[in-house]
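Let me begin by presenting the structure, written as structure tokens, before commenting on it.
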């Protein structure tokens, strides 16, 4: 089925994505850059600021792109990043 | 190289005295009416090696055949020549007669003195008789050089490959599997079902499409004789009829067969994309199943989309959700190798992309959609749950227009052919709308309504009764109202000769079908040919409509031409039956017209391998040699014509035999004769047709039959000129219609090279003519001979002598 797709999906508005709040503990970061490199959605990039350990910690570019996969948390050697998953609309409805 | 040496190197030389019997048939008065058969027989008796010659009323009658059998024994004949009708008619009859008398059937030769002589020279008895003598002389000369041959038998593997899992592929696979053969069904997409699975209802019965298809799909999934390879592609095919070795790339699904298709994984997957199955009108996740009834039902991960695409398992949400632990990110692509005897090509068709037609604004205006998108919209399993809504505001449209022939029947804006299904599809769609929303105003803009099938006209009448408006004349343009996104259709009603301007909420473009974009690799792998439309070409449009020209390969469904579901299924069953015949026999014989190879002369240049349309000649670079696969050979002989070192010749059409025919023609009065080389399938048959239709043309032409015009080596043409022939004709099938896929392209190249040479040497290149004539173009052949005869009358002795000198070399020291 190689035909070209010319119309946007009609149920685009109904799609729900997991949302997350990204928490950075900047001074704990040693600037290895793992979180930046492995983030599949490219949510993070290196910032200009210098932290207590004298390195550039990451900064959040676009938090809305985050899909809460949690790989940054898993890969951080210094426990300097973690996410808090926001409850989805359905979860709110169901209590 | 002298003839003596040639004979010695021939491995199948028949020693002993050559004893030829010649039979000149009166065919009632068909031949005897304008040819003096008694005189021809007397003349034949004087020819070298002829020990017996007679004329009789009907050689093909039982008495005639008994006579031949008796004479073979009595006179110890070891070659038989019958001068009667076309070998295309009675060669098999007389070959059988010879075989019955214990003579190898390849020791029989025919002279065509009816279609090519008596019937086309009805009013010139003397010339016709002279021509008949010449034709007999040619046949006797060839007969003296005939050799007995044994046809090779090729075993057929009793397994089949079906490429494409649409309704045609499904039907073909099921039929073969039910017969008891093992079938491999290869499908490129994650699920079988093809186009039919995407359609809502079928015409003319308005059955639910997926409801009638799904049971068949699940039969395929469970059949013990069918191995289903979904998400896979054929990457390589080697071999020939009965013995194909196929490589199939099985792309990973990343989900194991343990999957119960519960769908929990899809719910948690954080990535979405438009679902191609729904024409992009609905979303799917990176782990998905294209539709609920998919077979295999195992989910699949789209690795271009998945967060883990870089090889690191970043996201494991689906893994956590899967109770059966069926997800495996480590899955790798694998290559499956299989051996099959027959292949059914059922790759289907694509739909036309109307975005190139700017006047309809598809892709620009939200409410212009294609008929395929409409099918998904009206489908209860589709993105809108069966509610016909328009994309701009998701409201139900009250006024709808269908535009027919989008991409069909126009070489300017699409394809020249009629796509067969769109008229009825639109009528069905309009009835579907009327069924759910009877108040909807429906306009159908058409060129012609083609309701040609069983129950089609009834459906058309029903649609008109329901109030669907049919307007002849396609809109010239669609214009969108920017505020409301409603559409204005402007055009001319050609029945009432007035302009119209119609306002609708939504327009549906009834798009045509076109050949699949991935036909090309399949064509290359299986050495198939395609028509000008781009669809695969059958071996014969009337009598072998599902066979490919390449042995052991068959077509089903839209791969061959656009067709509806019923025709696809019919053709699929036919293809399965044809493949089944081969496999039931378990073996196939190959006619002994394959190449004869003299390895000691071969310089391994590889030209033969390059021109072979069947890949039957393989250049083995490692061992520095050429390998012949006789079973794959189609028997065109173009390799023999190409070889610059005489290392190849064609059995039953050897260089020696053809040269002996040329020599026989040019022995006397060469300067008044045309030597014509005609291919068996088109030009020779065209000349036969001219005979059957009694089209009269000058008696100066002598036809030499080859299987393909590609057999005609430049040296044959040169030899004819060197021996003083007035003109030479090379005639074959039209380009693209070659019986041997594309061998006649070589003919064209060779003739062009000869023309160049003649021009350079100051010769009149008009004396060499190239003609493409099909089996039905008798008049084309006859008028060519008339035209060439005028040339023959004009050609000067100096010109003939010049050509003799230029091509002296072709005489090879004789």
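Residue numbers (our numbering), protein chains in the order written: chain A, 4 to 98; chain B, 1051 to 1864. Even for Gly, the Cβ is constructed at its ideal location relative to N, Cα and C.
Is there a C-beta anywhere in chain A that falls below 8 Å from the one on residue i?
i              : result
residue 1618/B : no
residue 1412/B : yes
residue 1329/B : yes
residue 1565/B : no
residue 1434/B : yes
residue 1365/B : yes
residue 1322/B : yes
residue 1362/B : yes
residue 1405/B : yes
residue 1423/B : yes
residue 1279/B : no
residue 1332/B : yes
residue 1419/B : yes
residue 1924/B : Because chain B here runs from 1051 to 1864, residue 1924/B falls outside it and cannot be looked at.
residue 1441/B : yes
residue 1772/B : no
residue 1357/B : yes
Below 8 Å on the Cβ atoms is my contact criterion, and I expect residue i with residue j to pass it. Report the Cβ-Cβ distance as a whole number of Å.
i              : j              : result
residue 1349/B : residue 1315/B : 6 Å
residue 1856/B : residue 1818/B : Not confirmed; about 12 Å, so no contact.
residue 1318/B : residue 43/A   : Incorrect: roughly 15 Å between the Cβ atoms, too far for contact.
residue 1191/B : residue 1710/B : 4 Å
residue 1681/B : residue 1166/B : Actually they are not in contact, since the Cβ atoms of residue 1681/B and residue 1166/B sit about 33 Å apart, beyond 8 Å.
Kindly say whether residue i, judged by its beta-carbon, lies nearer than 8 Å to any beta-carbon of chain B.
i             : result
residue 55/A  : no
residue 4/A   : Unreliable placement is indicated for residue 4/A, whose pLDDT of 43 sits below 50; no coordinate value is reported for it.
residue 7/A   : yes
residue 74/A  : yes
residue 104/A : Within the shown structure, residues of chain A are numbered from 4 to 98, placing residue 104/A beyond reach of any answer.
residue 23/A  : no
residue 13/A  : yes
residue 85/A  : no
residue 43/A  : yes
residue 37/A  : no
residue 10/A  : yes
residue 88/A  : no
residue 70/A  : yes
residue 82/A  : no
Output the boundary residues of the beta strand (DSSP E) element that contains residue i.
i              : result
residue 1556/B : 1556 to 1561
residue 1286/B : 1282 to 1290
residue 1452/B : 1449 to 1456
residue 1487/B : Note, residue 1487/B: premise wrong, no beta strand (DSSP E); not H, not E.
residue 1639/B : 1637 to 1640
residue 1698/B : 1698 to 1700
residue 1160/B : 1158 to 1162
residue 1234/B : 1232 to 1236
Nearer than 7 Å: is that true of the beta carbon of residue i relative to any heavy atom of the ligand SAM?
i              : result
residue 1189/B : Judged by which ligands are present, the structure shown has none, so any question about the ligand SAM falls away.
For residue i, write down the residues that DSSP places opposite it in a beta bridge.
i              : result
residue 1756/B : 1729/B
residue 1385/B : 1299/B
residue 1586/B : 1580/B
residue 1102/B : 1071/B
residue 1333/B : 1324/B
residue 1675/B : 1670/B
residue 1495/B : 1453/B, 1521/B
residue 1011/B : Examination of residue 1011/B is not possible in this model, given that chain B is present from 1051 through 1864 alone.
residue 1869/B : In the structure displayed, chain B extends from 1051 to 1864; residue 1869/B sits before or after that span and is not available.
residue 85/A   : 26/A
residue 1548/B : 1543/B
residue 1252/B : 1257/B
Let's see if you can read the secondary structure: which residues bound the alpha helix (DSSP H) around residue i?
i              : result
residue 1093/B : 1087 to 1095
residue 1134/B : Unbroken run through residue 1134/B is the beta strand (DSSP E), 1129 to 1134; no alpha helix (DSSP H).
residue 1875/B : With chain B covering 1051 to 1864 only, the question about residue 1875/B has no answer from this structure.
residue 1115/B : 1112 to 1124
residue 1661/B : 1657 to 1661
residue 37/A   : 37 to 41
- Is there contact between the segment 1697 to 1710 of chain B and the segment 1787 to 1807 of chain B, where contact requires at least three CB pairs shorter than 8 Å? no
- Message: Under 8 Å: do the segment 1147 to 1158 of chain B and the segment 1118 to 1125 of chain B share three or more Cβ pairs, one atom per stretch?
- Response: yes
- Check whether the segment 1233 to 1242 of chain B touches the segment 1333 to 1341 of chain B, taking contact to mean three or more Cβ pairs, one atom from each stretch, closer than 8 Å. yes
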